[in-house]
Amino acid sequence: MNDYRIPVTVLTGFLGSCKTTLLNRILTEEHGRRIAVIENEYGEVGIDDALVYNSEEEVFEMNNGCICCTVRGDLIRILGTLLRRRETFDRIIIETTGLADPAPVAQTFFFDDELRSALRLDAIVTLVDARHILEHLDDARPEGVENEALEQVAFADRIVLNKTDLVTPTELERVRRRLLSINAMVEILPATRADADLGRILDVGAFDLDRVLESEPGFLMDLEHEHDATVTSVGIERRGVVDGDRLQVWLTDLLRERGVDLFRSKGILDVDALPRPYVFQGVHMLLDAEDGRPWPEGQERLNRLVFIGRNLDRAELEAGFDACLARVVA
171 MNDYRIPVTV LTGFLGSCKT TLLNRILTEE HGRRIAVIEN EYGEVGIDDA
221 LVYNSEEEVF EMNNGCICCT VRGDLIRILG TLLRRRETFD RIIIETTGLA
271 DPAPVAQTFF FDDELRSALR LDAIVTLVDA RHILEHLDDA RPEGVENEAL
321 EQVAFADRIV LNKTDLVTPT ELERVRRRLL SINAMVEILP ATRADADLGR
371 ILDVGAFDLD RVLESEPGFL MDLEHEHDAT VTSVGIERRG VVDGDRLQVW
421 LTDLLRERGV DLFRSKGILD VDALPRPYVF QGVHMLLDAE DGRPWPEGQE
471 RLNRLVFIGR NLDRAELEAG FDACLARVVA
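Heads up: the sequence shown begins at 171 in my numbering, then just goes up one per residue.
Here it is in structure tokens:
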């Protein structure tokens with residue numbers, strides 16, 4: 171009750187678990203909190219900025235790298251900038267890329283004296299895709315290469331077990347037991363479209379350093395970690411109008427043939443005959459599409475796509491999408 175430091179929530183979870191969906195719920199619900207958001211995307215083309223709803227909150231983007239390693243210094247600099255204007259917000263939410271290990275992110279709040287005195291790590295909230303989590307947990311990795319999905323579950327203070335509508339009750343119980351076998355003390359919140367009770371996620375004071383040190387004695391050691399080098403990101407940006415029929419055929423074939431290795435796909439496209447952006451998001455072979463927010467007036471309608479997966483062929487993906495363009499705008 172006497173801790174006046176700013177609470178920080180780390181929102182993590184493997185690719186396609188709906189972290190941005192939960193973030194949008196937090197930003198749009200009437201809860202009276204003033205929130206600063208730090209977003210991290212993996213890849214050279216950013217998509218999530220257009221998927222986050224307009225709000226009064228400040229949103230800082232960190233692209234082209236993973237927050238737990240290559241752009242960790244950027245996180246420290248952004249947090250330092252925020253502290254110089256701390257009267258404009260009450261709390262901070264950090265949304266990590268789906269390939270992030272949350273441990274190095276959490277370490278940030280204990281290594282730096284300024285951050286430790288001004289910020290309090292409130293909770294690590296991990297979203298889990300009930301349909302796909304077991305295959306990600308069982309994904310064999312080379313020696314010394316971390317399984318990020320496993321680390322995200324292990325370090326969670328709260329798990330939002332999402333997409334429960336896509337599995338049977340038996341499958342859901344199997345997933346729940348597996349999660350508890352990794353993290354026996356975690357609170358699991360079932361959800362369908364990330365519709366968990368925000369009161370169980372924000373300002374819960376759930377992060378316990380002593381508990382973490384008990385299970386991970388080397389937590390405060392700044393150890394190097396290695397990602398799976400076969401998992402890469404391919405970003406595509408193109409001007410032009412997309413032929414909707416060609417797009418559907420291409421995406422259908424792509425997901426059918428490469429869906430096992432395609433962890434995440436998403437795009438914001440200018441499709442012919444559609445007045446608003448065509449937004450698609452895929453996880454392995456599952457694809458969901460909807461109308462996006464209206465195109466900003468006076469700004470170029472740029473097609474943006476991102477694919478994250480194993481052994482991706484950039485030239486093949488670019489050629490496949492280029493064939494979907496009905497006409498190119500100079």
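By construction, the Cβ of each residue, glycine as well, lies at the ideal position given by its N, Cα and C atoms.
Note down, in chain order, each residue of its chain lying with its Cβ closer than 7 Å to the Cβ of residue i, except the 5 sequence neighbours on either side.
| i | result |
| --- | --- |
| residue 336 | 300 and 301 |
| residue 294 | 180, 182, 272, 276, 325, 326, 327 and 377 |
Apply the 10 Å Cβ neighbour rule to residue i and answer buried if 16 or more other Cβ atoms are within range, or exposed otherwise.
| i | result |
| --- | --- |
| residue 437 | buried |
| residue 383 | exposed |
| residue 428 | buried |
| residue 430 | exposed |
| residue 173 | exposed |
| residue 281 | exposed |
| residue 206 | buried |
| residue 287 | exposed |
| residue 198 | exposed |
| residue 458 | exposed |
| residue 313 | exposed |
| residue 423 | exposed |
| residue 445 | exposed |
| residue 292 | buried |
| residue 265 | buried |
| residue 204 | exposed |
For residue i, which residues in the same chain have their Cβ closer than 8 Å to its Cβ, ignoring the five residues on either side in sequence?
| i | result |
| --- | --- |
| residue 492 | 408 |
| residue 416 | 493, 494 and 496 |
| residue 354 | none |
| residue 381 | 355 |
| residue 352 | 307, 320, 323 and 324 |
| residue 412 | 439, 440, 441, 442, 448, 473, 494, 495 and 496 |
Who are the Cβ neighbours of residue i in its own chain at under 6 Å, not counting the five residues just before and after it?
| i | result |
| --- | --- |
| residue 360 | 331 and 334 |
| residue 167 | Absent from the model: residue 167. The displayed extent of the chain is 171 to 500, so no value can be given. |
| residue 238 | At residue 238 the pLDDT is 49, less than 50, meaning the model places this residue with poor confidence; the figure from the coordinates comes in the next sentence. Here the set comprises 270, 271, 274 and 275. |
| residue 357 | 328 |
| residue 451 | 436 and 458 |
| residue 490 | 420 |
Among the options, which has the Cα closest to the Cα of residue i?
| i | options | result |
| --- | --- | --- |
| residue 401 | 309, 490 and 296 | 309 |
| residue 375 | 312, 445 and 290 | 290 |
| residue 463 | 448, 474, 470 and 476 | 448 |
| residue 250 | 196, 285 and 475 | 285 |
| residue 283 | 478, 246 and 292 | 246 |
| residue 470 | 439, 484 and 297 | 439 |
| residue 487 | 442, 257 and 420 | 420 |
| residue 304 | 315, 259 and 350 | 350 |
| residue 453 | 466, 478, 461 and 370 | 478 |
Counting contacts by CB-CB distance shorter than 9 Å, is residue i in contact with chain C?
| i | result |
| --- | --- |
| residue 198 | The structure shown has no chain C; it contains just one protein chain. |
Task: Runs of alpha helix (DSSP H) wholly within the segment 282 to 344 (minimum 4 residues, chain order) - done: If one requires a minimum length of 4 residues, the alpha helix (DSSP H) runs lying completely within the segment 282 to 344 are 283 to 288, 303 to 307 and 318 to 324, in chain order.
- [ ] Spell out a yes or no on whether the segment 270 to 288 and the segment 345 to 363 are touching, meaning 3 or more CB-CB pairs, one atom from each, closer than 8 Å.
- [x] At 8 Å Cβ cutoff, the stretches do not touch.
Open item on the list: At 4 residues or longer, what runs of the alpha helix (DSSP H) sit wholly inside the segment 240 to 269?
Closed with: Counting whole runs of 4 or more residues, the segment 240 to 269 contains the alpha helix (DSSP H) stretches 242 to 253.
Task: contact_flag[the segment 365 to 374, the segment 176 to 195] where n(CB pairs < 8 Å) is 3 or more - done: The segment 365 to 374 is in contact with the segment 176 to 195.
- [ ] Report the residue ranges of all beta strand (DSSP E) runs contained in full by the segment 342 to 370; include only those spanning at least 3 residues, in chain order.
- [x] Listed in chain order, they are 357 to 360.
Task: Contiguous beta strand (DSSP E) assignments of at least 3 residues, all confined to the segment 172 to 201 - done: Qualifying beta strand (DSSP E) stretches, in chain order: 176 to 183.
TODO: May I have a chain-ordered list of the alpha helix (DSSP H) segments no shorter than 4 residues that lie completely inside the segment 438 to 484?
DONE: Along the length of the segment 438 to 484, whole alpha helix (DSSP H) runs at least 4 residues long do not occur.
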